[in-house]
Amino acid sequence: MATDLNRHAIAGVAEVVGGQGGLPAVRVRGAAAEGLVYLHGAHVAAWKPAGMEEVLWMSAKSAFEPAKAIRGGVPVCFPWFGPKKDAAVHGFARVAVWELESIRHAAAGVTVALLLRSNEVTRGMWPGDFSLRHRVTFGAQLEMALELTNTGGAALTAEEALHTYFAVGDVRQARVKGLAGVTYVDKVDAAKQKLQEGDITITGETDRVYLNTRGAVVIEDAAKRRRITVGKENSLATVVWNPWIAKAKAMADFGDDEWPGMICVETCNVGPHAVSVAAGQTHVMTARVGVARY
Ligand code: BG6
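Numbering-wise (the working numbering), the sequence shown opens with residue 1 and increments by one.
In structure tokens form, the structure reads like this:
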């Protein structure tokens with residue numbers, strides 16, 4: 001399979017490899033960054049800009065199996081977010097096998113485009129007709145553009161998230177900036193709506209949906225002395241998640257002691273910000289991640 005997929009390879013820059021569990025993945029080794037994206041879920045599992053340490057977090061306990069989501073990196077959640085009766089949590093996109101559409105090499109980096117189209121199986125779980133393209137550019141920045149086209153005859157409404165796991169030195173010493181004064185839904189406190197006062201600090205299980213967010217969010221990682229900036233376009237919600245002690249223990253694919261090393265800051269359109277796309281129209285949600293030492 002990898003041989004056939006390698007018609008898209010660019011010698012010395014990008015090739016399809018057998019990733020963990022033998023799942024096919026595109027490995028990128030560009031001048032500006034190295035990266036890895038699985039066809040399973042269009043799941044970005046690594047991004048390491050030149051001269052920097054790995055920016056994304058991956059669990060050592062992650063499954064790498066066709067029916068399961070990868071734990072860490074950037075799961076693509078679509079067309080729903082959160083649990084749904086008799087269906088996969090966070091939608092089917094993160095456990096579907098995407099088609100490798102193209103690999104391009106340009107000044108900004110190496111761009112891998114992956115494609116998922118509605119089919120009999122997706123229609124059994126969700127009625128929309130769509131094509132979903134995930135364009136990932138591994139460069140000095142990590143740019144991820146999720147392009148949803150409604151290929152059906154009626155409007156569709158979907159939730160979507162780039163559920164990005166960032167590696168931090170110690171989440172207890174990190175601050176998340178850029179959401180002060182924003183209302184959020186507190187999923188660990190009966191979905192109450194609350195107002196964010198000042199920076200976010202992580203002092204317990206944290207699972208929040210920040211509403212009406214447009215600006216960039218900065219993770220200031222005091223332990224690693226680096227700043228991760230998450231900018232975005234056409235996304236109106238931001239989820240911040242860390243499972244803390246008990247929830248990490250309860251998850252089979254998450255190491256008991258791994259939670260201090262990660263934080264999710266998710267670029268999304270979920271809940272009241274689900275996107276409606278008219279027949280024949282396209283919606284593109286973009287996340288742009290940068291990293292710098294301080
Ligand atoms: C977050 C949700 O985005 O993802 C949390 O807000 C959830 O509620 C977390 O626990 C992880 O989800 P999953 O399905 O990957 O275990």
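Don't be surprised by glycine CBs; every beta carbon is placed ideally from N, CA and C.
Reference residue i; option with closest CA among the options
{"i": "E65", "options": "A96, F166, V17, A278", "result": "A96"}
{"i": "E53", "options": "V265, A140, T201", "result": "A140"}
{"i": "R303", "options": "G280, G198, T111", "result": "Nothing can be reported for residue 303, as the shown portion of the chain is limited to 1 through 294."}
{"i": "I245", "options": "R225, T206, A161", "result": "T206"}
{"i": "R71", "options": "T137, A292, G255", "result": "G255"}
{"i": "L100", "options": "G21, V16, L56, K84", "result": "V16"}
{"i": "G21", "options": "P83, L5, G204, A69", "result": "A69"}
{"i": "V76", "options": "D86, W98, A87", "result": "W98"}
{"i": "P127", "options": "A113, I10, G152", "result": "G152"}
{"i": "G198", "options": "A252, V176, A278", "result": "V176"}
{"i": "E258", "options": "N150, W57, N119, I10", "result": "W57"}
{"i": "R7", "options": "A63, S102, P83", "result": "S102"}
{"i": "G204", "options": "A191, G181, K247, K224", "result": "K247"}
{"i": "A279", "options": "N119, A45, A154", "result": "A154"}
{"i": "A252", "options": "A87, K61, N119", "result": "K61"}
{"i": "V284", "options": "K85, V55, L148", "result": "L148"}
{"i": "V275", "options": "A63, F166, N150, A14", "result": "N150"}
{"i": "R117", "options": "H90, K84, F78", "result": "F78"}
{"i": "A113", "options": "G41, N119, S59, E120", "result": "G41"}
{"i": "S59", "options": "P243, H90, V277", "result": "P243"}
Inter-residue CB distance, residue i and residue j (contact presumed, cutoff 8 Å)
{"i": "P24", "j": "L39", "result": "5 Å"}
{"i": "H43", "j": "G73", "result": "6 Å"}
{"i": "P260", "j": "D186", "result": "The Cβ separation is near 21 Å, so there is no contact."}
{"i": "F130", "j": "L156", "result": "7 Å"}
{"i": "R226", "j": "R172", "result": "That belief does not hold up - the Cβ atoms of R226 and R172 are roughly 16 Å apart, past 8 Å."}
{"i": "V26", "j": "A14", "result": "6 Å"}
Contacting residues, own chain, Cβ-Cβ under 7 Å from residue i (five flanking each side not counted)
{"i": "A237", "result": "V209, Y210, L211, T213, C268, N269, V270, G271, H273"}
{"i": "F92", "result": "T122, M125"}
{"i": "A174", "result": "V168, I202, I219, E220, D221, A222, I263"}
{"i": "A32", "result": "P49, A50, G109, G139, A140"}
{"i": "L179", "result": "Q196, I200, Y210, T213, V217, T238"}
{"i": "A87", "result": "M125"}
{"i": "K224", "result": "V168, G169"}
Check whether residue i and residue j have beta carbons under 8 Å apart
{"i": "R133", "j": "L115", "result": "yes"}
{"i": "T374", "j": "A216", "result": "The chain is shown only over 1 to 294; residue 374 falls outside these bounds and no answer can be derived."}
{"i": "W241", "j": "E159", "result": "no"}
{"i": "T164", "j": "E34", "result": "no"}
{"i": "F166", "j": "V55", "result": "yes"}
Same chain only: Cβ atoms within 6 Å of residue i, ignoring 5 sequence neighbours per side
{"i": "L142", "result": "W47, V289"}
{"i": "M144", "result": "V136, L162, A287"}
{"i": "V188", "result": "E205, D207"}
Own chain, CB closer than 8 Å to residue i, minus 5 neighbours either side, in chain order
{"i": "G12", "result": "R29"}
{"i": "T183", "result": "Q193, K194, L195, Q196, Y210, L211, N212"}
Min CB distance residue i to chain C below 8 Å
{"i": "R288", "result": "Among the protein chains of the structure shown there is no chain C, as only one such chain exists."}
* To do: Pair every Cβ in the segment 279-289 with every Cβ in the segment 227-237, then say whether three or more of these pairs are closer than 8 Å.
  => Touching, yes.
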